[in-house]
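Engineer: If you count by this note's numbering, then the sequence shown holds residues 1349 to 1592, one letter each, in order. For each residue, glycine too, the CB sits at the ideal point set by N, CA and C. Keep in mind the model is a prediction, meaning the values are calculated, not measured.
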Amino acid sequence: MLEKYKGKTYCFSPPVMLATLIAEFSMAAYATWRYKMDTVKRLAVTILMALGVFQLAEYMVCGGLGISGVDWARTGYVAITLLPALGIHMITAIANQKAGKVVKVAYATCAIFVGYYVVIQGALNGHTCYSNYAVFHTSSASNDLFLYYYYGWLLIGLYLAYRYGKLKPKYRPALNAMIYGYTAFIAPTTFFNIVNPTTVSGIPSIMCGFAVIFAIVLVAKVLPSRGKINNELDLSSLTKKIGL
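1) Does the Cβ of valine 1451 lie closer than 7 Å to at least one heavy atom of the ligand NAP?
2) From the DSSP output, in three-state form, read off glycine 1448 for me.
3) Note down the Cα distance separating threonine 1382 from methionine 1365, rounded to an integer number of angstroms.
4) Note down the Cα distance separating tyrosine 1464 from threonine 1368, rounded to an integer number of angstroms.
5) Under a three-way DSSP split, which group does leucine 1366 fall into?
6) Leaving aside the five residues before and after isoleucine 1506 along the sequence, list all residues of the same chain whose C-beta is less than 7 Å from its C-beta, in chain order.
7) Does lysine 1384 come out as helix, strand or coil in the three-state DSSP assignment?
8) Any idea what DSSP makes of glutamine 1403, helix, strand or coil?
9) For the putative contact between tyrosine 1512 and leucine 1503, defined by C-beta atoms under 8 Å, what is the C-beta separation to the nearest angstrom?
10) Near valine 1560, which residues of its chain fall below 7 Å by C-beta distance, leaving aside the five closest residues on each side in sequence?
11) Hey, does asparagine 1444 have any beta-carbon neighbour from chain B nearer than 8 Å?
12) Measure the C-alpha to C-alpha separation of threonine 1423 and alanine 1376 and round it to an integer number of angstroms.
13) Taking the C-alpha atoms as reference points, what is the distance between tyrosine 1459 and isoleucine 1395?
14) Can you tell me whether leucine 1508 is buried or exposed, with buried defined as 16 or more other CB within 10 angstroms of its CB?
15) Should proline 1432 go down as buried or exposed, given a rule of 16 or more other Cβ atoms within 10 Å for buried?
16) Whose CA, out of Asn1444, Ile1442, Thr1429, lies closest to the CA of alanine 1456?
17) Would you decide whether leucine 1391 is buried or exposed? Buried here means 16 or more other CB atoms lie within 10 Å of its CB.
18) Below 8 Å on the Cβ atoms is my guess for methionine 1438 versus valine 1388; work out the distance and round it to an integer in Å.
19) Considering only residues of the same chain and omitting the five flanking positions on each side of alanine 1532, which have a CB-CB separation below 6 Å?
20) Return the CA-CA distance between aspartate 1386 and alanine 1447, expressed in angstroms with no decimal places.
21) Here's a check: name, in chain order, each residue in its chain whose Cβ is nearer than 7 Å to the Cβ of threonine 1318, leaving out the five neighbours to either side.
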């Protein structure tokens, strides 16, 4: 697998992709072990697993191993398509809001794209491995729509995190951490797209390369902040029960 990369330095070379997916799966395992199970934790672990699955798919598709590149590309696209909807749901859950219409619409649009990439034969038809990212070749009809879907929900997520943080100061630290995490992979990806427009076709690969920063923020900032609130609520409930 690594033979064609010898003597070359690649930002998203197989060793880097392998290290990234191990880190993301490890963080998912740590979060499962460390924090109390609730909606926020389940969503965080699912996001970490989806990031890891995309990196695994990218690792396989660029390295071969005798597995169909299109099948791995399909797996990777399904994993990355889940992320915006999961993020919207998680922001809502952090703010202790019910999963209302916005969350339902996010999942509905997510399901449409997942169904498209899984069912439609020509939705994904190959891949190209460049020095710094991989490109999954998709049907031209879906490219712009997927871009709007992805950036649209990410920007809506930023807005919701900011809005809920203003309305609910108690949840602000965790929501601010979500804003920092989102920005950590949106900003550099957008910068690369502006500097070199040809990288637009590699957005999933580039974005997930930087998303490891978001994964770290989830485990190091978001979950501890939300866990602290849960502990305070549990203590308050216990105090009321014993009449203190």
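Structural biologist: Checking against the coordinates, here is how it stands:
1) Ligands displayed in this structure: none; no statement on the ligand NAP is therefore possible.
2) coil
3) Reading off the sequence shown, one finds arginine at residue 1382, where the question assumed threonine. One C-alpha to the other measures close to 25 Å.
4) 28 Å
5) helix
6) Correcting the residue identity first, residue 1506 is leucine in this sequence and not isoleucine. Closer than 7 Å at Cβ, skipping near neighbours: Ile1527, Tyr1530.
7) coil
8) helix
9) Going by Cβ atoms, the distance from tyrosine 1512 to leucine 1503 rounds to 15 Å, so no, they are not a contact pair.
10) Thr1368, Ala1371, Glu1372
11) Structure shown: chain B not included; a single protein chain is present.
12) 19 Å
13) Going by the sequence as given, residue 1459 is alanine instead of tyrosine. Going from the Cα of alanine 1459 to the Cα of isoleucine 1395 covers about 16 Å.
14) buried
15) buried
16) Thr1429
17) buried
18) 6 Å
19) Ile1561, Phe1562
20) 14 Å
21) There is no way to answer for residue 1318, as the model of the chain reaches only from 1349 to 1592.
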